[in-house]
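Taking it in order: structure first as structure tokens, then the write-up.
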Amino acid sequence: GWPAAGGVWVLKTSHRDVLYRGLGRIGNARDMEERCCLIKRFGGIFYENPADCPHLDLA
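Under my numbering, think of the first position of the sequence shown as 56, with each following residue one higher.
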């Protein structure tokens, strides 16, 4: 998730996690701020600098 204030929230998951942990709710968020809150609630990691996130390909 990309919050308006900058940075990025990341939650690394598997298809199994989506089913068993109810992570599909993230995709149903009304806006990006709600999506970021859900990612945080499910244990996501915040990177102030998105380039520091090893899971993103920003090239």
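Every residue, glycine too, gets a C-beta built ideally from N, C-alpha and C.
Residue i to residue j span [Cα, whole Å]
| i | j | result |
| --- | --- | --- |
| Tyr-102 | Arg-96 | 15 Å |
| His-70 | Gly-79 | 10 Å |
N-terminal and C-terminal residue of the beta strand (DSSP E) that residue i is part of
| i | result |
| --- | --- |
| Trp-57 | Premise fails: Trp-57 is in no beta strand (DSSP E) and is neither H nor E. |
Check whether residue i and residue j have beta carbons under 7 Å apart
| i | j | result |
| --- | --- | --- |
| Arg-64 | Gly-99 | Note that residue 64 is Trp in the sequence shown, not Arg. Yes. Within cutoff. |
Where the alpha helix (DSSP H) containing residue i begins and where it ends
| i | result |
| --- | --- |
| Glu-89 | 87-96 |
| His-70 | 70-76 |
Nearest-angstrom beta carbon gap, residue j and residue i [assumed within contact, 8 Å]
| i | j | result |
| --- | --- | --- |
| Arg-90 | Gly-56 | 4 Å |
8 Å CB neighbourhood of residue i in its chain, flanking five on each side removed
| i | result |
| --- | --- |
| Lys-67 | His-110 |
Beta carbon proximity, residue i to chain C, threshold 7 Å
| i | result |
| --- | --- |
| Val-73 | Absent from the structure: chain C. Only one protein chain is present. |
Neighbourhood of residue i by C-beta, 7 Å cutoff - its chain only, sequence neighbours within 5 removed
| i | result |
| --- | --- |
| Leu-93 | Arg-80, Ile-81, Ala-84 |
Contact test: residue i Cβ vs the ligand MG heavy atom, cutoff 6 Å
| i | result |
| --- | --- |
| Gly-99 | With respect to small molecules bound, the structure shown includes none, and the ligand MG cannot be examined in it. |
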